[in-house]
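Novice: Note that the sequence shown covers residues 1 to 165 in the working numbering. From the three backbone atoms N, C-alpha and C, an ideal C-beta is built for every residue, glycine too. First the structure, then my questions, so here it is.
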Amino acid sequence: MRPEAYDCIVVGGGPAELTAGIHLNTEKLRLLLTTEKELPPEWERRLAARGIGGVTGEIQELVGSKGILRELRLSDGTALKADAFFVSSPARGRTDLARQLGVEMAPSGHHAQPKSQRGDTNVAGVWIAGDLRPMTQQVSVATGTGNIAAVMIDQYLRKRDIGPV
1 MRPEAYDCIV
11 VGGGPAELTA
21 GIHLNTEKLR
31 LLLTTEKELP
41 PEWERRLAAR
51 GIGGVTGEIQ
61 ELVGSKGILR
71 ELRLSDGTAL
81 KADAFFVSSP
91 ARGRTDLARQ
101 LGVEMAPSGH
111 HAQPKSQRGD
121 TNVAGVWIAG
131 DLRPMTQQVS
141 VATGTGNIAA
151 VMIDQYLRKR
161 DIGPV
């Protein structure tokens with residue numbers, strides 16, 4: 001089957017992938033649902049309003065050369081070609097330590113509940129970063145939230161060292 005070309009294909013199907021797809025600024029975007037077989041009606045409407053189509057399937061083969069992915073072949077024979085692919089796995093953050101420290105968890109239970117964009121929590125001196133944050137699971141985002149947490153912890157410890165004068 002001849003592949004249809006896209007600027008970008010978002011692979012997944014959960015809320016993070018849907019949110020990423022809706023916010024990407026590209027003319028030809030396709031969502032490949034690999035984890036969910038049907039979209040909730042409200043998401044179908046939001047994606048349709050932005051001209052974002054979707055296809056359901058399981059990836060059978062990755063096609064490319066010299067370390068560059070160019071196409072996905074699905075188990076039903078469909079071929080999807082794109083200039084860029086955004087892939088998210090349904091991995092869950094490791095919450096054991098946060099729970100042991102008494103950090104408030106989000107209603108889903110898969111993420112901690114930050115008090116602000118800095119990642120501070122209900123526990124003094126504890127900040128969250130990476131997959132414990134309720135945002136897309138991307139290395140660059142995890143690294144950024146880790147940097148923010150490190151700065152906040154440093155500031156917290158410096159204030160404790162100074163103490164009242």
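For P41, does the count of other Cβ atoms within 10 angstroms reach 16, so buried, or fall short, so exposed?
Specialist: That one is exposed.
Novice: Bridge partners of I68, per DSSP?
Specialist: Bridge partners of I68: S65.
Novice: Can the beta-carbon of A112 be found closer than 8 angstroms to that of L97?
Specialist: No, these two residues do not count as a Cβ contact at 8 angstroms.
Novice: Please report how far the alpha carbon of A129 lies from the alpha carbon of I52, in whole angstroms.
Specialist: Cα to Cα, A129 sits roughly 31 angstroms from I52.
Novice: In or out: V126 buried (at least 16 other Cβ within 10 Å) or exposed?
Specialist: Under this definition V126 is a buried residue.
Novice: Go ahead and pull the three-state DSSP assignment for M105.
Specialist: It is a strand residue.
Novice: Do V141 and T121 have their C-beta atoms within less than 8 angstroms of each other?
Specialist: No, these two residues do not count as a Cβ contact at 8 angstroms.
Novice: Looking at C-alpha atoms only, which residue of H110, R45, Q117, P134 is the closest neighbour of I148?
Specialist: Among H110, R45, Q117, P134, the Cα nearest to that of I148 belongs to Q117.
Novice: Taking the alpha carbon of A79 as the point to measure from, which residue in F86, V55, G67, T95 has its own alpha carbon closest?
Specialist: The shortest Cα separation from A79 among F86, V55, G67, T95 belongs to V55.
Novice: Within 8 angstroms of any Cβ in chain C, is that where the Cβ of I148 sits?
Specialist: Among the chains in the structure shown there is no chain C, since it carries only a single protein chain.
Novice: Would you tell me roughly how many angstroms separate the C-alpha atoms of F85 and V11, rounded to the nearest one?
Specialist: About 7 angstroms.
Novice: Do L72 and I59 count as a contact pair if the criterion is CB distance below 8 angstroms?
Specialist: Yes. Within cutoff.
Novice: Using the three-state DSSP reduction, which class does V141 fall into: helix, strand or coil?
Specialist: Correct three-state label for V141: helix.
Novice: Let me know the secondary structure DSSP gives Q113 once reduced to three states.
Specialist: In this structure, Q113 counts as coil in the three-state DSSP scheme.
Novice: Who does W127 pair with in a DSSP beta bridge?
Specialist: D120, per the DSSP bridge assignment.
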